[in-house]
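Visitor: What follows is a single structure, and I will ask about it in a moment.
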Amino acid sequence: MGVASRRNLAHGRGVWGPMNLYSFKTGFTFDDDVDHKIPLAEIIADGGDVFLIITTAFHFLLIRDSCVARSMPTVHPLVRLSFLCAKSSKNIRLPFPCSCAHSFQFARSYSSPNAAPTAKKAYVRDKPHMNIGTIGHVDHGKTTLTAAITKILSEKKGTIYRSYEEIDNAPEEKKRGITINAAVVDYTTDNRHYGHTDCPGHADYVKNMITGANQMECAILVVAATDGTMPQTREHLLLAKQIGIEKLVVFVNKADAADAEMLELVELEIRDTLKHYGFDGDHVPIVTGSALCALEGRNPEIGREKVIELLKVIDTVPLPKRDKDKPFLLPIEQVFSITGRGTVVTGRIERGVIGLQAQVEILGYNQCLKSTVTGIEMFHQLLNQAEAGDQVGLLLRGLKREEVRRGQVVADPKSLTLHNYVEAQVYMLSKKEGGRTKPFLNKYQLQIFSKSWDCPAYVILPEKIEMIMPGEDATIHLDLQKQMVLEPGQRFTMRANGTTIGYGVVSKTLPNPEQSNW
1 MGVASRRNLA HGRGVWGPMN LYSFKTGFTF DDDVDHKIPL AEIIADGGDV
51 FLIITTAFHF LLIRDSCVAR SMPTVHPLVR LSFLCAKSSK NIRLPFPCSC
101 AHSFQFARSY SSPNAAPTAK KAYVRDKPHM NIGTIGHVDH GKTTLTAAIT
151 KILSEKKGTI YRSYEEIDNA PEEKKRGITI NAAVVDYTTD NRHYGHTDCP
201 GHADYVKNMI TGANQMECAI LVVAATDGTM PQTREHLLLA KQIGIEKLVV
251 FVNKADAADA EMLELVELEI RDTLKHYGFD GDHVPIVTGS ALCALEGRNP
301 EIGREKVIEL LKVIDTVPLP KRDKDKPFLL PIEQVFSITG RGTVVTGRIE
351 RGVIGLQAQV EILGYNQCLK STVTGIEMFH QLLNQAEAGD QVGLLLRGLK
401 REEVRRGQVV ADPKSLTLHN YVEAQVYMLS KKEGGRTKPF LNKYQLQIFS
451 KSWDCPAYVI LPEKIEMIMP GEDATIHLDL QKQMVLEPGQ RFTMRANGTT
501 IGYGVVSKTL PNPEQSNW
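What follows is the structure in structure tokens.
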């Protein structure tokens with residue numbers, strides 16, 4: 001990309017909302033391979049001037065119509081088709097895709113190449129913040145419910161409507177019609193501000209579900225009345241319990257496609273399933289309705305009114321206690337690079353507080369890097385200080401994008417150490433619970449999931465134990481392939497061959513063995 005092209009580059013992540021567009025005085029040229037870099041493109045217009053908008057997860061390019069003709073042969077057919085259909089219109093609503101609602105902007109919007117960056121609002125902590133999210137089986141309506149919530153709340157000030165397509169915005173998600181990456185939106189009720197994580201339900205993406213669920217303090221379990229509890233319903237409940245999510249609300253969806261008898265049977269089945277996984281099945285609130293009806297404005301008695309009822313129930317869930325007095329810790333969920341400014345990491349602050357110009361360490365995967373926090377944002381709004389429970393983006397100085405990855409943590413200097421050998425108390429799931437049928441032998445290899453990281457590990461059995469049978473508790477050692485952040489009391493999940501096979505908690509960290517198994 002040439003110098004002129006770079007001058008026309010504006011960094012940011014948009015949302016559905018009116019935006020004024022301006023022409024640039026400088027030209028634009030394409031690289032020959034530009035079509036390999038563009039996941040989404042759309043033609044829009046403002047006041048009669050046609051523009052080509054090419055968006056990526058963190059960039060958008062605005063191209064004068066005078067440049068489009070010579071650029072057309074190199075771009076995706078979708079772009080050419082959109083250009084032919086473009087019409088002049090004002091107050092355009094622009095979609096700029098991103099895999100996560102807190103992929104923070106740190107943006108510059110230009111009316112000319114030398115214009116000053118637009119001012120950003122400061123985050124006002126006028127309501128309690130809570131992190132919730134949707135879990136459940138694939139196609140049971142988690143994303144539809146999330147979109148319906150934002151649509152209904154957008155009628156009041158403080159919430160932006162996020163459509164189904166915006167939430168499931170990755171090309172593969174659009175193609176397959178399923179959620180792959182956990183996405184985060186925010187909305188405001190009369191009593192609280194919420195960060196809402198929409199988790200994938202497909203069995204192939206449980207890894208991303210674990211990362212998403214680690215952000216939650218309360219979960220909305222979505223169950224389709226047409227199916228009842230299904231394999232991922234049960235696995236998500238197991239993972240939620242293991243992660244430490246104690247607060248749960250159930251939404252029985254697709255009530256418009258089931259009769260009263262079926263709805264009653266599904267509710268009984270759900271309560272039995274909740275009890276099986278250690279939740280208070282007799283007292284967990286259950287709301288029955290149709291997210292699609294709410295989204296489409298049909299049958300308000302099972303659509304809109306039921307979503308409002310669900311929100312009232314969520315507002316009564318007790319706020320969790322946050323550890324603000326402990327050393328700062330943020331597990332990294334996503335990483336972005338801002339040219340000329342640094343690297344942005346996003347995630348939920350697990351404990352402590354962080355302020356501007358704070359010195360931090362980035363730890364995990366055998367690395368310990370140092371940096372300084374030069375910017376903090378929460379749902380596109382600026383913060384001088386963030387605290388436990390906040391879902392934020394931190395702008396880190398002096399780090400390259402390739403030096404940081406999901407699974408590492410941002411922490412106060414010298415507050416944590418890396419380990420790859422620990423003692424743990426574990427439970428291996430029985431066959432009935434979806435676990436293995438064969439026993440676990442010494443040096444059985446599996447994948448450990450904890451916080452936002454996962455890492456291969458060997459199960460090292462005590463000398464007097466030859467095997468562990470599915471359905472048994474045991475004290476074992478774990479030998480991880482990489483040095484990770486591990487502390488006593490830290491929970492983890494064990495998976496192998498695409499299946500959750502057990503879970504456990506770290507008892508203590510141990511010195512590395514003289515001879516590594518790796």
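Per full-length UniProt numbering: the sequence shown = residues 1 to 518.
For each residue, glycine too, the CB sits at the ideal point set by N, CA and C.
It should be emphasised that the depicted structure is a prediction, and the values quoted were computed from it without experimental measurement.
Below 8 angstroms, how does it come out for the region 418 to 428 and the region 403 to 410: are there three or more Cβ pairs, yes or no?
Guide: No, the region 418 to 428 does not touch the region 403 to 410.
Visitor: Hey, L446 and M494: beta-carbon distance below 8 angstroms or not?
Guide: To locate residue 446, count along the sequence shown from 1; it is residue 446. To locate residue 494, count along the sequence shown from 1; it is residue 494. Yes, the pair counts as a contact, with Cβ atoms nearer than the cut-off.
Visitor: Give me the Cα-Cα distance between L295 and T144, rounded to the nearest whole angstrom.
Guide: Sequence index remark: in the sequence shown, residue 295 carries index 295 (1-based). Sequence index remark: in the sequence shown, residue 144 carries index 144 (1-based). Cα to Cα, the separation comes out at about 7 angstroms.
Visitor: List the residues that DSSP assigns as beta-bridge partners of F251.
Guide: Taking the sequence shown and counting its residues from 1, the one referred to as residue 251 is at position 251. Answer by DSSP bridge pairing, in chain order: V222, V287.
Visitor: Decide yes or no for the touch test of the region 134 to 152 against the region 296 to 316: beta carbon pairs closer than 8 angstroms, at least 3 of them.
Guide: The region 134 to 152 is in contact with the region 296 to 316.
Visitor: Just the Cα atoms here: how many angstroms apart are G375 and R397?
Guide: What you label residue 375 is simply residue 375 of the sequence shown in a count that begins at 1. What you label residue 397 is simply residue 397 of the sequence shown in a count that begins at 1. So the two alpha carbons sit approximately 9 angstroms from each other.
Visitor: On the DSSP letters alone, give me the boundaries of the alpha helix (DSSP H) that V266 sits inside.
Guide: Counting from 1 along the sequence shown, the entry for residue 266 is found at position 266. Note, V266: alpha helix (DSSP H), 260 to 276.
Visitor: Please list the terminal residues of the continuous alpha helix (DSSP H) segment that includes T143.
Guide: Residue numbering aside, residue 143 sits at position 143 when the sequence shown is read from its first letter. Where T143 is concerned, the enclosing alpha helix (DSSP H) stretches over 142 to 153.
Visitor: Per DSSP, which one or two residues make a beta bridge with C368?
Guide: Numbered from its first residue, the sequence shown carries residue 368 at position 368. C368 pairs with L363.
Visitor: With DSSP as the reference, identify every bridge partner of M428, one or two as the case may be.
Guide: Walking along the sequence shown from the start, residue 428 turns up at place 428. M428 pairs with G502.
Visitor: Which of the three DSSP states, helix, strand or coil, is assigned to S109?
Guide: The sequence position of residue 109 within the sequence shown is 109, counting from 1. Note on S109: pLDDT 29, under 50, position unreliable in the model; the coordinate value appears next. Here S109 sits in coil by DSSP.
Visitor: Round the Cβ separation of residue 561 and D315 to the nearest angstrom and send it over; I've been treating them as touching at under 8 angstroms.
Guide: What the structure shows of the chain is the stretch from 1 to 518, and residue 561 is not part of that stretch, so it cannot be assessed.
Visitor: If you run the structure through DSSP and keep just helix, strand and coil, what is K508?
Guide: Locating residue 508 in the sequence shown gives position 508, where the first residue counts as 1. Here K508 sits in strand by DSSP.
Visitor: Consult DSSP for P231 and reduce its assignment to one of helix, strand or coil.
Guide: Within the sequence shown, numbered from 1, the residue matching residue 231 stands at position 231. It is helical.
Visitor: Would G133 and M216 be called neighbours here (beta carbons separated by less than 8 angstroms)?
Guide: Residue 133 sits at position 133 when you count from the first residue of the sequence shown. Residue 216 sits at position 216 when you count from the first residue of the sequence shown. It is a contact, given that the beta carbons lie within the stated cut-off.
Visitor: Check whether the region 314 to 333 touches the region 345 to 354, taking contact to mean three or more Cβ pairs, one atom from each stretch, closer than 8 angstroms.
Guide: Yes, they touch.
Visitor: If we count Cβ pairs, one from each stretch, closer than 8 angstroms, do we get three or more for the region 509 to 518 versus the region 356 to 363?
Guide: Short answer: they don't touch.
Visitor: Within the same chain, show all residues whose beta-carbon is closer than 7 angstroms to that of G502, passing over the 5 residues directly before and after it, in chain order.
Guide: Along the sequence shown, read from residue 1 onward, the residue named residue 502 stands at position 502. Correct list, in chain order: V426, Y427, M428, L429, G435, M494.
Visitor: Out of curiosity, what's the CA-to-CA distance linking T288 and Q381?
Guide: Walking along the sequence shown from the start, residue 288 turns up at place 288. Walking along the sequence shown from the start, residue 381 turns up at place 381. Distance between the alpha carbons of T288 and Q381: 35 angstroms.
Visitor: Take every Cβ of the region 271 to 283, pair it with every Cβ of the region 456 to 469, and state whether three or more of those distances are shorter than 8 angstroms.
Guide: Cβ pair count under 8 angstroms is below three, so no.
Visitor: Check whether the region 237 to 252 touches the region 216 to 227, taking contact to mean three or more Cβ pairs, one atom from each stretch, closer than 8 angstroms.
Guide: The answer is yes - the region 216 to 227 touches the region 237 to 252, with three or more Cβ pairs under 8 angstroms.
Visitor: Cβ-heavy atom distance between P231 and the ligand GDP below 7 angstroms?
Guide: Absence of the ligand GDP from the depicted structure is noted, as is the absence of any ligand whatsoever, leaving it without description.
Visitor: Taking the straight line between their C-alpha atoms, what separation do you get for N442 and P231?
Guide: For the purposes of this step, residue 442 is taken as the residue at position 442 of the sequence shown. For the purposes of this step, residue 231 is taken as the residue at position 231 of the sequence shown. Whole-angstrom Cα-Cα distance: 29 angstroms.
Visitor: Under a three-way DSSP split, which group does D454 fall into?
Guide: The sequence position of residue 454 within the sequence shown is 454, counting from 1. Looking at D454 - three-state DSSP - the assignment turns out to be strand.
Visitor: Enumerate in chain order the residues of its own chain whose CB-to-CB distance from Y458 is below 6 angstroms, with the five nearest sequence positions on each side excluded.
Guide: Counting from one through the sequence shown, the residue named residue 458 turns up at place 458. Closer than 6 angstroms at the Cβ level, and outside the excluded window around Y458, lie K443, Q445, D479, N517.
Visitor: Measuring alpha carbon to alpha carbon, tell me which of P285, I476, A388, W453 ends up nearest Y421.
Guide: Your numbering for residue 421 matches position 421 in the sequence shown. Comparing Cα positions, the closest option is I476.
Visitor: Bridge partners for S337 per DSSP, in chain order?
Guide: Within the sequence shown, the letter at position 337 stands for residue 337. DSSP output for S337 lists T343 as bridge partner(s).
Visitor: Could you compute how far the alpha carbon of K324 sits from the alpha carbon of L237?
Guide: Counted from its first residue, the sequence shown places residue 324 at position 324. Counted from its first residue, the sequence shown places residue 237 at position 237. Looking at the two C-alpha atoms, the distance is approximately 28 angstroms.
Visitor: Leaving out the 5 sequence neighbours to the left and right, which residues in its chain are closer than 7 angstroms to S371 when beta-carbon positions are compared?
Guide: Sequence index remark: in the sequence shown, residue 371 carries index 371 (1-based). Only V360, I362, L396, R397, G398, L399 meet the Cβ criterion.
Visitor: What separation, rounded to the nearest whole angstrom, lies between the Cα atoms of E487 and T188?
Guide: Taking the sequence shown and counting its residues from 1, the one referred to as residue 487 is at position 487. Taking the sequence shown and counting its residues from 1, the one referred to as residue 188 is at position 188. Going by the C-alpha atoms only, they are around 35 angstroms apart.
Visitor: Runs of 3 residues minimum, wholly inside the region 290 to 334: which ones carry the beta strand (DSSP E) assignment?
Guide: Complete beta strand (DSSP E) runs here, min 3: 329 to 331.
Visitor: Give me the Cα-Cα distance between L383 and D282, rounded to the nearest whole angstrom.
Guide: The residue given as residue 383 occupies position 383 in the sequence shown. The residue given as residue 282 occupies position 282 in the sequence shown. Those two C-alpha atoms are separated by around 41 angstroms.
Visitor: Using three-state DSSP, classify E377 as helix, strand or coil.
Guide: Along the sequence shown, one-based indexing puts residue 377 at 377. Strand, per DSSP.
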